[in-house]
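Per the working numbering, numbering through the first sequence is continuous, rising by one, with the last residue being 394.
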Amino acid sequence: MLQQQPITGNGPNPSRGLGLNAHPGMHSLNPIHPQHRPDGEPGLDGTENGHENRRDIGDILQQIMTITDQSLDEAQAKKHALNCHRMKPALFSVLCEIKEKTGLSMRNAQEEEPQDPQLVRLDNMLLAEGVAGPEKGGGAAAAVSAATSSGSMSPDSSLEHSDYKQKLSQIRTIYHTELEKYEQACSEFTTHVMNLLREQSRTRPVSPREIERMVAIIHRKFSSIQTQLKQSTCEAVMILRSRFLDARRKRRNFSKQATEVLNEYFYSHLSNPYPSEEAKEELAKQCSITVSQVSNWFGNKRIRYKKNIGKFQEEANLYAMKTAMGATQREGSPHTPNSTGSGSFSLSGSADLFLGVPPVNGEQPGYHMGGQTNGNWQEQNTPPSPPGSEHSDNSD
DNA sequence: GCATATGATTCCGA
DNA sequence: TCGGAATCATATGC
């Protein structure tokens, strides 16, 4: 820094000459040197008035340098005097030039800042999670559907969905509120600083580029705060998501009604317990579970039934009886809902049972009663013929 | 706490 | 891609 010497007065200090050499930065004042004046005009330090002008400049600089040591009133008065000084415009332009040069070099060092990859990642994630960006009905819903479709987890609960959506929505709200606050604060602070600089530009050279640079610095600072906000938001979403997925990963038994519907279908199609895609969809709807859960259930059921037919015989009888009773009731009143209680259970695959297909050998169609053969699928150990060719194997 | 039931997952073959 | 089989992980009943 400048080694400031004690200053005894405001006027030109003879002991310091013109003061130009006393300041290291004054080397940059070349533009006012005669050999740098292209017009050759006897300028600021030309031969005629040069000496006097130099004294003037030295005088102004001296005053500038001592201005901070003075009281506010004194300083204001001095400031006014400086502003009115006849040399002020010339000195001002010189300072502007210096600032422009130093500003350029500073800019070169600061510009071309690449976008922070971490910020990009955070932005992308927030966008993908539906936290940032426009609120599409998607946002949370999309995340939920993505979560449910990515794995075959038990998405049975719209309750969990709404819970997840609600929490995500909360995060989203907080995020946007905070973001808005930061943006507002940033904008206010920027305006404030710009006003200050504009105010200062009346007494010292402040180029528009300098203001731009200052604004950029402020924006960078606020953007780092925003990054932190985005980071915490991402963490919150990840925690919520992991909790949500963990909760969904937990196995839950199907409702009694769902199990009944599935069992009814299974035992009424024991000869060929392979529901078609449509049947699976219908069953899924009936049980409020997914098609893949229906598939899982039938897969498990077939295996476990085959492994231990004896154990399931009782269950089979039970469902046979139930269905028989249901069928009897339906005979009396054709529109009476079946045992599932829905009244709309009209699966194509279950038509032989529920739509009154004549039973083979006088028994309930498709049922294994005690001592009966178990049909082909258990013995063949291979998937049976596809639905459509199944109507011939009702002999179980 | 243990045995059993049950839904989900994974691997493999057709 | 579907289904069988084995297995895992959790729920449930005692």
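For every residue, glycine included, the Cβ atom is placed at its ideal position computed from N, Cα and C.
Are there 16 or more other CB atoms within 10 angstroms of the CB of GLN291, so buried, or fewer, so exposed?
As a position in the first sequence, residue 291 is number 293, starting the count at 1. So GLN291 counts as buried.
Would you be able to state if there are at least three C-beta pairs under 8 Å between the stretch 207 to 219 and the stretch 186 to 193?
Contact holds: three or more Cβ-Cβ distances are below 8 Å.
Please tell me whether VAL204 and TYR173 are closer than 9 Å, where the distance is taken between their beta carbons.
Stepping through the first sequence from its first residue, residue 204 is reached at position 206. Stepping through the first sequence from its first residue, residue 173 is reached at position 175. No, the Cβ-Cβ distance between VAL204 and TYR173 is not below 9 Å.
Taking contact to mean at least 3 C-beta pairs separated by less than 8 Å, is the stretch 298 to 307 in contact with the stretch 273 to 284?
No contact exists between the stretch 298 to 307 and the stretch 273 to 284.
Can you tell me where the alpha helix (DSSP H) holding ARG300 begins and where it ends?
Taking the first residue of the first sequence as 1, we reach residue 300 at position 302. Segment 289 to 305, the alpha helix (DSSP H) holding ARG300.
Return the CA-CA distance between GLN61 and ARG84, expressed in angstroms with no decimal places.
Within the first sequence, the letter at position 63 stands for residue 61. Within the first sequence, the letter at position 86 stands for residue 84. Using only the alpha carbons, I get a separation of about 14 Å.
Are the CB atoms of LEU177 and LEU227 within a distance shorter than 9 Å?
Here residue 227 corresponds to residue number 229 of the first sequence, with the count starting at 1. Here residue 177 corresponds to residue number 179 of the first sequence, with the count starting at 1. Result yes, Cβ atoms of LEU227 and LEU177 sit closer than 9 Å.
Using only alpha-carbon positions, find the residue among LYS77, SER91 and GLN168 that is nearest to ALA234.
On the first sequence, position 236 is the one that residue 234 refers to. Among LYS77, SER91 and GLN168, the Cα nearest to that of ALA234 belongs to GLN168.
For SER221, which option in ALA88, MET323, VAL289 and GLU181 has the closest C-alpha, if you only look at C-alpha atoms?
To locate residue 221, count along the first sequence from 1; it is residue 223. Among ALA88, MET323, VAL289 and GLU181, the Cα nearest to that of SER221 is on GLU181.
Is the separation between the beta-carbon of THR231 and that of LEU124 shorter than 9 Å?
On the first sequence, residue 231 is found 233 positions in, with the first residue counted as 1. On the first sequence, residue 124 is found 126 positions in, with the first residue counted as 1. Taking 9 Å as the Cβ cut-off, THR231 and LEU124 qualify as a contacting pair.
Whose CA, out of ALA322, THR321 and LEU195, lies closest to the CA of ARG211?
For the purposes of this step, residue 211 is identified with residue 213 of the first sequence, where counting begins at 1. Ranking ALA322, THR321 and LEU195 by Cα distance to ARG211 puts LEU195 first.
With a 10 Å radius around its C-beta and 16 neighbouring C-beta atoms as the bar for buried, classify PRO395 as buried or exposed.
Summary: the structure shown does not reach residue 395, with the chain confined to residues -1 through 394, and so no result is reported for it.
For a test of the three-state rule: what should DSSP assign to GLU127, helix, strand or coil?
Taking the first sequence and counting its residues from 1, the one referred to as residue 127 is at position 129. The answer is coil: DSSP assigns GLU127 none of H, G, I, E or B.
Please state whether DSSP places THR225 in a helix, a strand or coil.
Looking up residue 225 in the first sequence gives position 227. Reduced to three states, the DSSP call for THR225 is helix.
Cβ atoms of TYR317 and GLU276: under 9 Å apart, would you say?
Residue 276 sits at position 278 when you count from the first residue of the first sequence. Residue 317 sits at position 319 when you count from the first residue of the first sequence. Not in contact: GLU276 and TYR317 (Cβ atoms no closer than 9 Å).
Going by C-alpha to C-alpha distance, which of GLN74, ARG202, GLY297 and GLN255 sits closest to ILE96?
Residue numbering aside, residue 96 sits at position 98 when the first sequence is read from its first letter. For the options GLN74, ARG202, GLY297 and GLN255, the alpha carbon positioned closest to that of ILE96 is the one of ARG202.
Is it buried or exposed for SER269, if we count other Cβ within 10 angstroms and need 16 for buried?
Locating residue 269 in the first sequence gives position 271, where the first residue counts as 1. Counting of Cβ neighbours within 10 angstroms places SER269 among the buried residues, the total reaching 16 or more.
Secondary structure at ASP114, three-state DSSP: helix, strand or coil?
As a working mapping, residue 114 is identified with position 116 in the first sequence. Annotated three-state conformation of ASP114 is coil, per DSSP.
Using only the heavy atoms of the ligand NAD, determine whether one of them is closer than 8 Å to the beta carbon of SER221.
Of the ligands one can find in the structure shown there are none, so the ligand NAD has no counterpart to examine.
Assign MET192 to one of three DSSP states: helix, strand, or coil.
Locating residue 192 in the first sequence gives position 194, where the first residue counts as 1. Collapsing the DSSP output to three states places MET192 in a helix.
Look up SER91 in the DSSP assignment and say whether it is helix, strand or coil.
Against the first sequence, residue 91 aligns to sequence position 93. It is helical.
Select from GLU72, SER293, THR171 and GLY308 the residue whose C-alpha is nearest the C-alpha of SER274.
Residue 274 sits at position 276 when you count from the first residue of the first sequence. For SER274, the nearest C-alpha among the options comes from SER293.
Helix, strand or coil for MET85, going by three-state DSSP, please let me know.
Within the first sequence, numbered from 1, the residue matching residue 85 stands at position 87. In the three-state reduction of the DSSP assignment, MET85 falls in the coil class, being assigned neither a helical nor a strand state.
Straight-line CA distance for THR288 to ASP114?
For the purposes of this step, residue 288 is identified with residue 290 of the first sequence, where counting begins at 1. For the purposes of this step, residue 114 is identified with residue 116 of the first sequence, where counting begins at 1. Spanning the two alpha carbons is a distance of roughly 42 Å.
Here's the rule: buried if 16 or more other CB atoms are within 10 angstroms of the residue's CB, otherwise exposed. What is GLY23?
Here residue 23 refers to the residue found at position 25 of the first sequence. For GLY23, the predicted structure reports a pLDDT of 38, less than 50, and the residue's modelled location is therefore unreliable. A value from the coordinates is still provided. The residue is exposed, with fewer than 16 neighbouring Cβ atoms inside 10 Å.
In angstroms, rounded to a whole number, what distance separates the CA positions of LYS320 and GLN229?
Position 322 of the first sequence, counting from 1, holds the residue named residue 320. Position 231 of the first sequence, counting from 1, holds the residue named residue 229. So the alpha carbons of these two residues sit roughly 58 Å apart.
Nearest-angstrom Cβ-Cβ length linking TYR265 and ALA322, presumed shorter than 8 Å:
Taking the first residue of the first sequence as 1, we reach residue 265 at position 267. Taking the first residue of the first sequence as 1, we reach residue 322 at position 324. Between ALA322 and TYR265 the Cβ distance is about 11 Å, and since that is not below 8 Å, they are no contact.
Can you give me the Cβ contacts of ASP121 inside the same chain, cut-off strictly under 6 Å, excluding the 5 residues immediately before and after it?
Within the first sequence, numbered from 1, the residue matching residue 121 stands at position 123. There are no such residues.
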